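Student: In the numbering used here, the protein residues as written are 67 to 181.
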C-alpha cells in the first residue's frame, strides 16, 4: 500500500490540520470509478484515538490527499470531499484473553473535486 497524507482544507477550528497515515495502516485503496476513491484504514494502538478524532464528523469535509507511489497505483495528489464515512472502534480479534489494544477502522468514499 501507500503512505497517505490528509490535509483538512476547511478547518475552522484549531484541530489538527494534517494527518499522515503510514502504509502499514492502509488496508485498501482503490478507485471505484473515475471520480471516487475508496480508502480503508485500520490503526491499532495509542494513535487510534488521534485518527478517530481527526475523522470524527468528517463527512462533507474537503481534504487534500497525497500519497507515495505504491505497487499498482499511481501517486495520488488531489482534493477530495468525503461523501460517506464508516468508523468503528474496538479491540482487534485476538486469542489472548486480557489483551485489548485500542483500534479504529475507517472506510471512506471520497469524490475528486479538483482535477
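All C-beta atoms in this analysis are idealised placements derived from N, C-alpha and C, irrespective of residue type, glycine included. In this text the structure is predicted, and so the values were computed from the model without any measurement.
Where does residue 114 sit, in a helix, a strand or coil, going by DSSP?
Tutor: The answer is helix: DSSP assigns residue 114 an H, G or I state.
Student: Bridge partners of residue 144, per DSSP?
Tutor: 131
Student: Please report the distance separating the alpha-carbon of residue 144 from that of residue 171.
Tutor: Computed Cα separation, rounded: 23 Å.
Student: Hey, out of 155, 133 and 148, whose CA is closest to residue 92's CA?
Tutor: 133
Student: Relative to the C-alpha of residue 155, which candidate in 95, 74 and 110 has its C-alpha closest?
Tutor: 110
Student: Would you please state the rounded distance, in angstroms, between the beta carbons of residue 127 and residue 149? I believe it to be under 8 Å.
Tutor: Rounded to the nearest angstrom, the Cβ distance from residue 127 to residue 149 is 11 Å, too far for a contact under 8 Å.
Student: Between the C-alpha atoms of residue 102 and residue 175, what's the straight-line distance to the nearest angstrom?
Tutor: 7 Å
Student: Apply the 10 Å Cβ neighbour rule to residue 179 and answer buried if 16 or more other Cβ atoms are within range, or exposed otherwise.
Tutor: exposed
Student: Run the CB neighbour count on residue 182, radius 10 Å, all protein chains shown included, and call it buried at 16 or more, exposed below.
Tutor: The chain is shown from 67 up to 181; residue 182 falls before or after that span and cannot be answered.
Student: Quick one: give me the first and last residue of the beta strand (DSSP E) that residue 73 is part of.
Tutor: From DSSP, the beta strand (DSSP E) with residue 73 extends over 70–74.
Student: Please identify the residue among 98, 142, 75 and 69 whose C-alpha is closest to the C-alpha of residue 129.
Tutor: 75
Student: What is the residue span of the beta strand (DSSP E) that residue 95 lies within?
Tutor: 92–97
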